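Asker: So the sequence shown is numbered by this note's numbering: it starts at 2 and just counts up by one.
Have a look at the structure that comes next, please.
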Amino acid sequence: MKITFIGTAGSLLTADRSYPSILINQDLLLDCGEGTTQKLLKIGAIKHVNRILLTHLHNDHFMGIFSLLWYYWLSGRKQNLEIIGPPKTQFTINKILDLIHTTEGMRSSFDLQFVELEDTNELQALNKGYKIKAMKVKHSITGFAYRIEDQGKSLCYSGDTAPTQNLIKLANECDLLIGESTFPSQFKRIAHKYGHSTPSDLAELASTSRTKRIAMVHIASHYLDQIENFKAQAQKEFKGEIIIAKDLMELTL
């Protein structure tokens, strides 16, 4: 399984970090923040994406869909695109498409196929050998984390969340945990208040779930000069490999 970090920014992007998006192999996207389209073009993967998994409907995690769809329509895409996300994903995306005056002719060149996750249920689906499971997490709006298994390897992507038992279950013994660390550990209380996590939270999750290694994403931009401190905070709780993800970084499981 090949993982490419398309965007790794927190809620405020920077010149070097786009909003969240992670490419699995070349056909599966986790989140689709602004900047995703250009990065997919840069690495030559844009034509291969056939499924997008959205963790939640905050601007930084899904607004890149519209430039991606615009590119697909104008470039003559014919293959349908599946979008999986929380309740109201279909309504929200279609409403914004209407507001930005996307013509029916352009929208009819291929179909968008929506799957909306239940608030309290797990989801399992098969796609070209992938086994995908989603579980609800603890954010300021309804959000989901995902576990993806392929050819004996597994990863878990937390999305935005405070610590939750569901995430411990989902990440159980996975090869890679991709998790947010929006705030430093000394701001744990405010992080949890807004449905976010810290490096210590992520490391504790990894230890409890017996994860093999961590990739840290979604660090708030005003803490980027403290990245080594974030890593040191995580190392107190987790003895495995800890990676600070950057845009266009690649990992292979």
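Every residue gets a Cβ at the ideal spot worked out from N, C-alpha and C, and that includes glycine.
Being a predicted model, the structure only gives us computed values, none of them experimental.
Relative to the C-alpha of residue 179, which residue among 187, 207, 201 is closest?
Answerer: In the sequence shown, residue 179 corresponds to position 178, counting from 1. Nearest option by C-alpha distance: 207.
Asker: Do the stretch 56-76 and the stretch 14-26 make contact, defined as three or more Cβ pairs closer than 8 Å?
Answerer: In short, these stretches touch, since the Cβ pair count reaches three.
Asker: Distance check for residue 183 and residue 246, CA to CA, integer angstroms please.
Answerer: Here residue 246 is taken as the residue at index 245 of the sequence shown, counted from 1. Here residue 183 is taken as the residue at index 182 of the sequence shown, counted from 1. Straight-line Cα distance between these residues: approximately 13 Å.
Asker: Between which two residues does the beta strand (DSSP E) harbouring residue 30 extend?
Answerer: Your numbering for residue 30 matches position 29 in the sequence shown. Where residue 30 is concerned, the enclosing beta strand (DSSP E) stretches over 29-31.
Asker: Given residue 26, which residues of its chain have a CB within under 7 Å of its CB, disregarding the five upstream and five downstream residues?
Answerer: Counting from 1 along the sequence shown, the entry for residue 26 is found at position 25. Closer than 7 Å at Cβ, skipping near neighbours: 2, 3.
Asker: By the three-class DSSP mapping on this structure, what secondary structure does residue 46 have?
Answerer: The sequence position of residue 46 within the sequence shown is 45, counting from 1. DSSP places residue 46 in coil when its eight states are reduced to three.
Asker: For residue 79, which residues of its own chain have a beta-carbon under 6 Å away from its beta-carbon, when the five flanking residues on both sides are left out?
Answerer: Here residue 79 corresponds to residue number 78 of the sequence shown, with the count starting at 1. 111, listed in sequence order.
Asker: What first and last residue would you give for the beta strand (DSSP E) that runs through residue 131?
Answerer: The residue labelled residue 131 in the question sits at position 130 within the sequence shown. It spans 131-137 - the beta strand (DSSP E) in which residue 131 sits, taken as one unbroken run.
Asker: Pick from 57, 86, 133: whose alpha carbon is nearest that of residue 196?
Answerer: Stepping through the sequence shown from its first residue, residue 196 is reached at position 195. Of the candidates 57, 86, 133, the one whose C-alpha sits nearest the C-alpha of residue 196 is 57.
Asker: Using the Cα positions of residue 162 and residue 143, report the straight-line distance between them to the nearest angstrom.
Answerer: Residue 162 sits at position 161 when you count from the first residue of the sequence shown. Residue 143 sits at position 142 when you count from the first residue of the sequence shown. Roughly 10 Å between the two C-alpha positions.
Asker: Write down the C-beta distance between residue 217 and residue 171 rounded to the nearest angstrom, noting that I regard them as a contact closer than 8 Å.
Answerer: Position 216 of the sequence shown, counting from 1, holds the residue named residue 217. Position 170 of the sequence shown, counting from 1, holds the residue named residue 171. In fact, because the Cβ distance is near 17 Å, the residues do not count as touching under 8 Å.
Asker: Comparing alpha-carbon positions, which option in 157, 96, 177, 116 lies nearest residue 82?
Answerer: Here the question's residue 82 lines up with position 81 in the sequence shown. Among 157, 96, 177, 116, the Cα nearest to that of residue 82 is on 116.
Asker: What are the boundary residues of the alpha helix (DSSP H) that includes residue 22?
Answerer: Stepping through the sequence shown from its first residue, residue 22 is reached at position 21. Looking at the DSSP string, residue 22 is not in any alpha helix (DSSP H); the run it does join, the beta strand (DSSP E), is 22-25.
Asker: For residue 176, I'd like the list of residues in its chain whose CB is within less than 6 Å of its CB, leaving aside the five on either flank, ordered along the chain.
Answerer: Working through the sequence shown from its first residue, we reach residue 176 at position 175. Excluding sequence neighbours, residue 176 sits near 154, 155, 213, 254.
Asker: Let me check understanding here. Comparing Cα to Cα, which of 164, 151, 131 lies closest to residue 138?
Answerer: On the sequence shown, position 137 is the one that residue 138 refers to. Residue 164 is the option with its Cα nearest to residue 138.
Asker: How far does the beta strand (DSSP E) with residue 201 in it reach, from first residue to last?
Answerer: Walking along the sequence shown from the start, residue 201 turns up at place 200. Here residue 201 belongs to no beta strand (DSSP E); instead the alpha helix (DSSP H) covers 200-210.
Asker: Rounded to a whole number of angstroms, what is the C-alpha to C-alpha distance between residue 148 and residue 29?
Answerer: Here residue 148 is taken as the residue at index 147 of the sequence shown, counted from 1. Here residue 29 is taken as the residue at index 28 of the sequence shown, counted from 1. One C-alpha to the other measures close to 13 Å.
Asker: Taking the alpha-carbon positions, what's the residue 121 to residue 239 distance?
Answerer: Locating residue 121 in the sequence shown gives position 120, where the first residue counts as 1. Locating residue 239 in the sequence shown gives position 238, where the first residue counts as 1. Note on residue 121: pLDDT 49, under 50, position unreliable in the model; the coordinate value appears next. Cα-Cα distance, rounded: 30 Å.
Asker: Tell me residue 67's beta-bridge partners as DSSP assigns them.
Answerer: Here the question's residue 67 lines up with position 66 in the sequence shown. None; residue 67 has no bridge partner.
Asker: List the endpoints of the continuous alpha helix (DSSP H) containing residue 231.
Answerer: Within the sequence shown, the letter at position 230 stands for residue 231. Where residue 231 is concerned, the enclosing alpha helix (DSSP H) stretches over 228-236.
Asker: Starting from the C-beta of residue 243, find all residues in its chain whose C-beta is less than 6 Å away, skip the five residues before and the five after it, and write them out in chain order.
Answerer: What you label residue 243 is simply residue 242 of the sequence shown in a count that begins at 1. Closer than 6 Å at Cβ, skipping near neighbours: 215, 232, 235.
Asker: Compute the beta-carbon to beta-carbon distance between residue 31 and residue 13, rounded to the nearest angstrom, for a pair I have assumed lies under 8 Å.
Answerer: For the purposes of this step, residue 31 is taken as residue 30 along the sequence shown, with counting starting at 1. For the purposes of this step, residue 13 is taken as residue 12 along the sequence shown, with counting starting at 1. Contact flag wrong, Cβ pair sits at about 20 Å.
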